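> Letter by letter, the sequence shown follows residues 797 to 1005 of my numbering.
Okay, here's the structure, questions in a sec.
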Amino acid sequence: MTLYQIWRAVLVPLARVLYRLEIIGADQIPAGVGVILAPSHRSTVDIAAVAALTRRQVRFLAKDEIFSTRLGNKVFRSLGAIPVDRVGTDRGAIRSARAAIENGEVLGVFPEGTRRTGPEVADLSDGCAYLALKLSVSIIPIGIGGTDNIRPSGSRFIRFPKVVVVVGSPITTTTNSEIVRKSDLANLTTTLTRSLQDCFTEAERRAKS
């Protein structure tokens, strides 16, 4: 077993028990082809929730700071994570992402950039849309409801609320050009924002019911 398979085998069942994890629409994720999963982000538990959606390895794009130590670099690379320099265009990350997509793998990209709070999907970075256009790959929006309440702001203790994952319909791209037009980038980012908000709102509603 790979380190990712071991990690998934431990954390996903744990999340199902502790957070009564409910998944809606996992069949939206196509089998055997490269795709980008774009989840909302409120907690580190979101990573396990995304991993629960498919038995295929999800290769998360992660900020390069977590790879800065020898141990961190070894562990996160063994988990399949791809380091990203969030300042400017990281060509190395794009090459790694392209290789993964061409190999039919699943990428995990948190388009909000970092953990957020509240009911609204924050202004999305255009990095997810840029990657989708650059690689001509579909984006699947994923709303994760309930994880905002695991450790609310100001709380000293971890809670165990119900967590619901709502998987939206794939957003397809139609270009495979080395040059990504600003208009295409803006349009795709807007579409992703709306779809992700819909999924997140529904996931939050179900988590509270």
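Ideal Cβ placement from N, Cα and C applies to all residues, glycine included.
As the structure is a prediction and not an experimental result, all values here were calculated from the model.
Should the segment 853 to 860 be called in touch with the segment 869 to 880, which here means at least 3 C-beta pairs below 8 angstroms?
Judged by Cβ distances under 8 angstroms, the segment 853 to 860 makes contact with the segment 869 to 880, as three or more pairs qualify.
> Give me, in chain order, the residues of the same chain whose beta-carbon lies closer than 7 angstroms to that of Leu799; leave out the 5 immediate sequence neighbours on both sides.
Ser874, Leu875
> Excluding five sequence neighbours on each side, which residues of the same chain lie with their C-beta closer than 7 angstroms to the C-beta of Leu920?
Within the same chain, Cβ atoms closer than 7 angstroms to the Cβ of Leu920 are found at Pro907, Glu908, Thr985, Leu988, Thr989, the five residues on either side in sequence being excluded.
> If you scan the segment 820 to 844 from start to end, which runs of the alpha helix (DSSP H) of 4 or more residues do you find wholly inside it?
none
> For Phe996, count neighbouring Cβ atoms within 10 angstroms of its own Cβ and tell me buried if that reaches 16, exposed if not.
The residue in question, Phe996, is buried, as its Cβ has 16 or more Cβ neighbours within 10 Å.
> Please state the DSSP three-state secondary structure of Phe996.
helix
> Assign Gly964 to one of two classes, buried (16 or more other C-beta atoms within 10 Å of its C-beta) or exposed (fewer than that).
buried
> Indicate the three-state DSSP secondary structure (helix, strand or coil) for Lys870 in the structure shown.
Lys870 falls in the helix class under three-state DSSP.
> Taking the beta carbon of Asn945 as the centre, do at least 16 other beta carbons fall within 10 Å, making it buried, or is it exposed?
buried
> If you run the structure through DSSP and keep just helix, strand and coil, what is Phe856?
strand
> Check Ile936 in the structure and name its three-state DSSP category.
strand
> Report the option in Thr850, Val976, Glu898, Asp823 whose CA atom is closest to the CA atom of Ala805.
Thr850
> Ends of the alpha helix (DSSP H) at Gly923?
Where Gly923 is concerned, the enclosing alpha helix (DSSP H) stretches over 923 to 931.
> Reducing DSSP to helix, strand and coil, say where Ile802 ends up.
helix
> Using the three-state DSSP reduction, which class does Glu861 fall into: helix, strand or coil?
helix
> Considering only the beta carbon of each residue, do Val841 and Tyr815 sit closer than 8 angstroms?
Contact flag set, yes.
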